Amino acid sequence: MLTKKHVLGVAACVAMALPMLASAAADQEAAMKDSNNWLHPRGQHDNQGYSKLSQVNKANVKKLKMAWSFSTGVNRGHEGSPVVVGNMMYVHTAFPNNVYALDLNDNQKIVWTYFPKQDPSVQAVLCCDNVSRGLGFGDGKIFLQQNDGNLVALDAKTGAKVWSSLNTDPKVGATNTNAPHVIKDKVLTGCSGAEFGVRCFIAAYNIKDGSLAWKAYSTGPDAETLIGEGFNKDTPEYSALSVYQDVNGGNKIGGSFKPLPHDQLKIGEKELGTRTWLKPQAVKDGWQHGGGSVWGWFPYDARTNLMYYGIGNPSVWNPDVRPGDNKWSMSVFARDVDTGMARWGMQMTPHDEWDYDGVNEVILFDKAGKTYAWHHDRNGFAYTWNAHTGKLVAAEKVHPFVNWATGVDLKTGVPNKTANASTHQDYNAKGICPAALGTKDQQPAAYSPRTGLMYSPLNHVCMTYEPVESKYVAGQPWVGATLTMFPGPDGVMGGFAAYDPMTNKKVWYNKEKFSAWGGALTTASNLVFYGTLDRWFKALDANSGKELWKFQVGSGVIGNAFTYGNKGKQYVGVLSGIGGWAGVAMNLGLTTPTDALGAAGGYAELVKYNAAPGGGALNVFSL
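The numbering of the sequence shown is my numbering, which starts it at 725 and goes up by one.
As structure tokens, this is what we get:
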């Protein structure tokens, strides 16, 4: 029952809306100034995953103990992190996407709950597990993107539903797992469904009533991808019609993908979202079913009013039936928050042949008076751009085992593909590194303004990849490839590393037995926190990578480490509950090596370290 005490406590936290501020989310913006809060899926709008809290430091971190825990009641993969504002914490779960409001001043008493009624069949459509990646906060509301496509606004004081908008339709394979991002007077969300031939997008809804403000598709005409005059004005090379000599002719064994010389590029072209999808195709006008999922973490720069995000793989995974660059899949974009119009965009993997899903987060940071955008792509390269102009500053392999390309042209952004890593229908290409999981999954890296370094969880997984014939049927899986996965050449499946984002050179690297799928946290005391699939929650020295503390939680970690302050004490926490491709295989008892798109074979040993199904719990630590 909601008592007067609880109502007043919540009201005190969410009634920060300041009339003099233009933004409808003024309460969010005001609360972000207090480091005790965790208001954004990644802490702040810059996506750095950094906290100014420093009570927990190198000298005392070894004294961290479990302060409290909370069972979510859902035994599946748990990504993201809670939202903390004042004395209130808002916790989300995997499907059915329950939400709990906890009073931190009253022994984490449940103030309200929201249990959505969703069709269980939605779970069969979700790609890569039935997770939710978190909540949004602003305008006195908690925002939840349900797996069934409904974007929901809940009253932060009571949990009552304020409005709901249908963002995607599961009947055609379009679902959603991302955390809504509140920016100014809008709530941003995305779309997943590339493995069902869905044409995906990013969308902005008005925070007051849930009406659609704008929608930008990943593929298609310029008018629908919101590309207008001035797009890529500083980098016209990114708007080339075709970047490889042979890509328009279809793939061959050891196919030729030699980049076109700069003087032969047809640059500054328009309508690339349709013109780079060439025949023959599995469906007419392949861009209409072109994939390009969007469900990552969206940073925002108030100085330029630009937000940034990554776009996923094209549909179908068989590259033979979609010759051409397949723009604007596999790209990073910068857009105006008010209008959705694109300022710049660069395709990282033209004509993707390996499902190198480009949705990973973008992180903003400042250096020498300029703002940069950093992105660790699944294709095995880390990219740094001038955030305002889109000019590529650095692009570097994150690990030597990456073998599908030798490097990236800094002027065009075009990777130099390796011929023997090329794929085509009914040809089993072997020893491709990285696997479709990439060198980093969607769980985010973190940046420390104190050290100037990026800290990234890693996959070290390679694969065999064979495209196969697959016909599009609305609402049915449309993958068109089989693959197996196995550890990389150094004998492990993961790691955790620090990089200099101005060069993307590695500073230090720690091996992990399994892929590191826990999102990272950095703090002002030069600590880095992250979790592992074999149930460890760890703290490292941000300068050296030395392990300073670890605690074994109840299930593998794919959640994001976070921190908050309450009554003068710093707390550090993480959601546990194994999931993702590996979790799907384990939780469903899949044993054939190619099951779960190859994850069943690659991560078979996880059953020795985790019980199935994975348990969902929030773990919170303090001194």
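In this text, a Cβ means the ideal position worked out from N, Cα and C, and glycines have one as well.
Quick caveat, the model's predicted, so the values are computed rather than measured.
Out of curiosity, what's the CA-to-CA distance linking residue i and residue j?
i	j	result
Gly974	Ala1129	A caution first: Gly974 carries a pLDDT of 48, below 50, which makes its placement in the model too unreliable to give a value.
Gly1137	Ala1118	10 Å
Asn1343	Leu859	18 Å
Leu965	Tyr1223	33 Å
Ala1341	Val1298	9 Å
Pro840	Ser856	13 Å
Thr913	Phe1286	21 Å
Phe920	Val1197	8 Å
Gln969	Thr1142	14 Å
Asn972	Gly1010	Here Asn972 scores only 44 on pLDDT, less than 50, and its place in the model is too uncertain to base an answer on.
Leu1245	Tyr774	6 Å
Phe1210	Gln1149	22 Å
Gln870	His802	14 Å
Asp1258	Leu1330	7 Å
Thr892	Ser1017	12 Å
Leu1272	Asn1250	12 Å
Gln752	His764	9 Å
Gly1082	Ala754	32 Å
Asn784	Leu1347	8 Å
Glu1186	Trp1019	The sequence shown places Cys at residue 1186, rather than the Glu named in the question. Using only the alpha carbons, I get a separation of about 24 Å.
Pro1124	Thr1108	19 Å
CB residue i to CB residue j, shorter than 8 Å?
i	j	result
Ala1066	Phe925	no
Asp695	His1075	The requested residue 695 is not part of the displayed model; the chain covers only 725 to 1347.
Thr882	Gly944	no
Gly1301	Ala818	yes
Phe1345	Val1296	yes
Ala1240	Val1252	no
Ile1282	Gly1313	no
Leu890	Gly917	no
Glu1120	Thr959	no
Ser1146	Phe1022	no
Lys776	Ala1248	yes
Gly1015	Asn1037	yes
Tyr1171	Ile1087	yes
Gly934	Ser888	yes
Asn1284	Gln1166	no
Gln1071	Trp1098	no
Once the 5 residues before and after residue i are set aside, which same chain residues still bring their CB inside 7 Å of it?
i	result
Lys1094	Asn1110
Val1126	Gly1104, Cys1157, Pro1158, Thr1163
Lys1091	Met1226
Gly1155	Cys1186
In chain order, what residues of the same chain have a beta carbon less than 8 Å from the beta carbon of residue i, not counting five sequence neighbours either side?
i	result
Leu878	Val823, Tyr838, Lys865, Ile866, Phe867, Leu868, Ala884, Lys885, Val886
Gly952	Asp946, Met1065, Ala1066
Met790	Phe1275, Asn1343, Val1344, Phe1345
What does residue i pair with, by DSSP beta-bridge criteria?
i	result
Phe1105	Lys1121
Pro1038	Gly1015
Leu890	Asn874
Gly862	Lys865
Phe955	In the DSSP output, where bridge partners are listed per residue, Phe955 has none listed.
Ile926	Ala940
Ile931	Paired residues: none, contrary to the question.
Leu1177	Ser1172
Pro840	According to DSSP, which records beta bridges pairwise, Pro840 is partnered with nothing at all.
His1298	Per the sequence shown, residue 1298 should be read as Val rather than His. DSSP output for Val1298 lists Asn1343 as bridge partner(s).
Helix, strand or coil: which one does DSSP assign to residue i?
i	result
Pro960	helix
Glu1236	strand
Gln988	helix
Leu745	Unreliable placement is indicated for Leu745, whose pLDDT of 41 sits below 50; the coordinate value is still reported in the next sentence. Looking at Leu745 - three-state DSSP - the assignment turns out to be coil, as it is neither helix nor strand.
Arg999	helix
Pro695	An answer regarding residue 695 cannot be provided, because it is not within the stretch 725 to 1347 covered by the chain.
Asn681	The structure shown does not extend to residue 681, since the chain spans only 725 to 1347, so no value can be given for it.
Gly847	The residue asked about is misnamed: residue 847 is Gln in this sequence, not Gly. Gln847 falls in the helix class under three-state DSSP.
Lys787	helix
Ala1335	coil
Met1187	strand
Trp1260	strand
Glu1329	helix
Val1308	helix
Once the 5 residues before and after residue i are set aside, which same chain residues still bring their CB inside 6 Å of it?
i	result
Glu1190	Asn1152, Thr1206
Met813	Pro806, Leu826, Leu828
Leu745	Any answer about Leu745 is weak, because its pLDDT of 41 lies below 50 and its placement is not dependable; what the coordinates show is given next. The answer is none, since no qualifying residue turns up.
Val1203	Glu919, Trp1041
Pro904	Gly860, Phe867, Gln869, Val911, Thr913
Ser1268	none
Contact criterion: CB-CB distance below 8 Å. Does residue i meet it with respect to chain D?
i	result
Asn871	Absent here is chain D; the protein component of the structure consists of one chain.
Hey, is residue i close to the ligand SAM, as in C-beta under 7 Å from one of its heavy atoms?
i	result
Trp1001	This structure does not include the ligand SAM; it has no bound ligands of any sort.
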